[in-house]
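Be aware that the sequence shown starts at 1, since it is given in UniProt numbering, and climbs by one per residue. By construction, the Cβ of each residue, glycine as well, lies at the ideal position given by its N, Cα and C atoms. First comes the structure, then the notes that go with it.
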Amino acid sequence: MKTKLKKDDTVMVVAGKDKGKTGKILKIDRAKNRVLVEGVNLVKKAQKKRSQEDAGGIIEREASIDISNVMFLEKDGKPSRLGYRVEGDAKVRFSRRTGETI
1 MKTKLKKDDT
11 VMVVAGKDKG
21 KTGKILKIDR
31 AKNRVLVEGV
41 NLVKKAQKKR
51 SQEDAGGIIE
61 REASIDISNV
71 MFLEKDGKPS
81 RLGYRVEGDA
91 KVRFSRRTGE
101 TI
């Protein structure tokens, strides 16, 4: 599935247990329509000790959430949908709420 979101975009969660939280996209899985957002949907995971310095035990890490549950976050802190338009020879992303180029 196509998405207008990209890695390192700041997004807001609009549905689910972490509704209202914001973070940066770390990874996008286009085949499964899921995103990994920094500091969102934290789960506890048992991790094996790999070396002497490495700490094993129970760690917290981000789990993926469905891409439909996040929206692009603008500079003013409000979520917005995105679109594409052609300006000259370049195809650019823009905010559908304000019309600004991103």
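So what does DSSP say about residue i, is it helix, strand or coil?
i   : result
S68 : helix
V14 : coil
V37 : strand
L26 : strand
I59 : strand
K44 : strand
L82 : strand
Buried or exposed: which applies to residue i, given that a residue is buried once 16 or more other Cβ atoms fall within 10 Å of its Cβ?
i   : result
I59 : exposed
Identify every residue that forms a DSSP beta bridge with residue i.
i   : result
E87 : A90
Would you kindly check if the distance between the Cβ of residue j and the Cβ of residue i is under 7 Å?
i   : j   : result
K48 : G57 : no
R85 : F94 : yes
- When the Cβ atoms of the segment 58-66 are set against those of the segment 31-40, are three or more pairs found closer than 8 Å? At 8 Å Cβ cutoff, the stretches touch.
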